[in-house]
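What follows is a single structure, written as structure tokens, with notes after it.
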Amino acid sequence: MRRQPLRLAVLEATRILEDAGVESPRTDAELLAAHVLGVERTELPLVPLVDPQVVDALGQLVTQRAKRIPLQHITGWAAIGAITVDVGPGVFVPRPETDLLLSWGLDLLSAREFPVVVDLCTGSGALALAVAHARPDAQVYAVDNDTTALAWARRNADARASAGDNPIRLYSGDITDGRLFVELDGLVDLVLCNPPYVSRNKTLPPEVADHDPGHAVFADDGGLALIKSAVSLAARLLKPGGGVAIEHDDDHAQPVTTLLSQRKVLSEIADHTDLAGRPRFVTARRTG
Ligand SMILES: C[S@@+](CC[C@H](N)C(=O)[O-])C[C@H]1O[C@@H](n2cnc3c(N)ncnc32)[C@H](O)[C@@H]1O
């Protein structure tokens with residue numbers, strides 16, 4: 050059978066995904082082609098012609114993506130920092146914008162040795178495992194209250210430990226529990242938190258509404274309930290000079306800033322935007 054130009058197969062995939070309303074059709078078509086070929090997306094120009102079987106396999110994945118199944122559920126992984134984590138049904142897919150929160154945290158740690166780090170609402174374990182990879186000297190704690198998320202986090206934690214990273218300490222727990230991690234009071238250098246933060250009345254794209262667990266996305270109090278718990282925990286856990294970063298919805302910069310400002314022990318409160326310029330996370334430091 051005759052080989053075909055990959056470029057044309059990707060163009061056709063892009064057209065189908067565009068018609069299906071996928072937000073970044075070209076990028077997704079290229080990432081799916083790279084997945085089928087087992088190469089990096091940047092290496093696609095090195096593959097001018099492909100076998101008909103490759104075109105068929107790409108077509109099947111594009112059909113799934115056109116049904117608005119998340120790209121990462123099709124490929125089975127998502128990137129965070131310098132690592133990837135496995136994802137699929139039942140666990141939140143880490144988003145590229147969360148990399149910015151991670152970078153802020155790693156910058157804060159750069160002047161510290163043997164830091165203690167806590168990842169609240171860890172989901173797949175993404176933030177905790179990315180920190181453990183970047184900072185082999187860190188003691189990293191991670192918590193979630195969902196058994197399916199914890200199973201994904203355990204699988205990812207085992208894979209990272211097998212790859213040579215220091216194991217993280219993974220806990221089943223609820224961040225609304227006032228005594229969570231009480232043994233770490235005043236000892237933590239960095240608290241990271243990407244909690245559920247979407248208001249329950251908000252309409253979301255099918256990738257999120259139908260595939261991210263509702264428990265990972267929505268929160269009471271207009272989306273702020275779990276953020277309030279994270280602020281309380283951070284105020285208690287951080288050591289003087291330690292820092293907290295909390296991700297939030299793009300219309301929540303002001304309320305989250307206010308919640309952090311209301312804590313006398315927190316200062317240097319700052320809001321940060323994502324790559325699209327939307328307000329995305331707020332940071333603060335423990336005074337003293
Ligand atoms: C938006 S996801 C974030 C996952 C991960 N941090 C990331 O960035 O990919 C929020 C996570 O919070 C967890 N969660 C929801 N309510 C919680 C609670 N009260 N205590 C602990 N974890 C909770 C959910 O199970 C979900 O895994």
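For any residue, its number in my numbering is found by taking its place in the sequence shown, counting from 1, and adding 49. From the three backbone atoms N, C-alpha and C, an ideal C-beta is built for every residue, glycine too.
Report yes if the CB atom of Val280 is closer than 9 Å to the CB atom of Val167, and no otherwise. no
First through last residue of the beta strand (DSSP E) which encompasses Ser73: Premise fails: Ser73 is in no beta strand (DSSP E) and is neither H nor E.
Tell me which same chain residues have a C-beta within less than 7 Å of the C-beta of Thr332, skipping the five on either side of it? Trp153, Gly292, Val293, Ala294, Ala319, His321
With DSSP as the reference, label Leu121 as helix, strand or coil. According to the sequence displayed, residue 121 carries Gln and not Leu. In the structure shown, Gln121 sits in a helix (DSSP, three-state: H, G or I).
With a threshold of 8 Å, are at least 3 pairs of Cβ atoms found where one atom belongs to the region 60–74 and the other to the region 101–120? yes
Are at least three pairs of beta-carbons, each pair with one atom in the region 188–200 and one in the region 165–180, less than 8 Å apart? yes
Is Asp193 a contact residue of ligand 1, with contact defined as CB to any heavy atom under 8 Å? yes
Is it buried or exposed for Pro145, if we count other Cβ within 10 angstroms and need 16 for buried? exposed
Using the C-alpha atoms, what's the distance from His264 back to Thr124? 23 Å
Mind pulling the beta strand (DSSP E) runs of 3 or more residues that sit fully within the region 131–215? Runs of the beta strand (DSSP E) inside the region 131–215: 132–135, 165–169, 188–193.
For a test of the three-state rule: what should DSSP assign to Lys277, helix, strand or coil? helix
Would you say the beta carbon of Thr171 comes nearer than 8 Å to a heavy atom of ligand 1? It does: the Cβ of Thr171 is within 8 Å (strictly closer) of some heavy atom of ligand 1.
At a threshold of 8 Å, does Val240 count as lining ligand 1 (C-beta to nearest heavy atom)? no
What is the DSSP secondary structure of Leu80, reduced to helix, strand or coil? helix
Integer Cβ distance of Val165 from Leu236, believed to fall under 8 Å: The pair is a contact, with the Cβ atoms about 6 Å apart (cut-off 8 Å).
Grab me the residues of Leu324's own chain with a C-beta within less than 8 Å of its C-beta, minus the 5 sequence neighbours each way, in chain order. Pro145, Glu146, Leu149
Determine the burial state of Ser278: buried for a count of at least 16 other Cβ atoms within 10 Å of its Cβ, exposed for fewer. buried
Among the candidates Leu158, Thr197, Asp77, Phe267, whose CA atom is the shortest distance from the CA of Val180? Leu158
Let me know if Asp261 comes out buried or exposed under the rule of 16 or more other beta-carbons within 10 Å of its beta-carbon. If you draw a 10 Å sphere on the C-beta of Asp261, you find 16 or more other C-beta atoms in it, and that means buried.
How should Thr133 be labelled, buried or exposed, when 16 other C-beta atoms within 10 angstroms of its C-beta is the threshold for buried? Counting every other CB atom within 10 Å of its CB across the protein chains shown gives Thr133 a total of 16 or more, marking it as buried.
If you compare alpha carbons, which of Arg75, Ile217, Gly70 is closest to Glu61? Arg75
Any non-hydrogen atom of ligand 1 closer than 8 Å to Asp223 Cβ: Within the cutoff, so yes.
Quick check on Arg90: does DSSP put it in helix, strand or coil? helix
Given a threshold of 16 other Cβ atoms within 10 Å of its Cβ, counted over all protein chains shown, does Arg209 qualify as buried or as exposed? buried
Who are the Cβ neighbours of Glu296 in its own chain at under 8 Å, not counting the five residues just before and after it? Glu146, Thr147, Leu150, Cys242, Asn243, Pro244, Tyr246, Arg329, Phe330
Can Leu141 be considered in contact with ligand 1, in the sense that its beta carbon sits closer than 8 Å to one or more heavy atoms? Note that residue 141 is Phe in the sequence shown here, rather than Leu. Yes, the beta carbon of Phe141 sits closer than 8 Å to at least one heavy atom of ligand 1.
Ala83 to Glu89 span [Cα, whole Å]: Cα atoms of Ala83 and Glu89: separation of roughly 6 Å, rounded to the nearest angstrom.
Alpha-carbon to alpha-carbon, Leu81 and Ala106: 10 Å
Straight-line CA distance for Leu233 to Lys288? Going by the C-alpha atoms only, they are around 9 Å apart.
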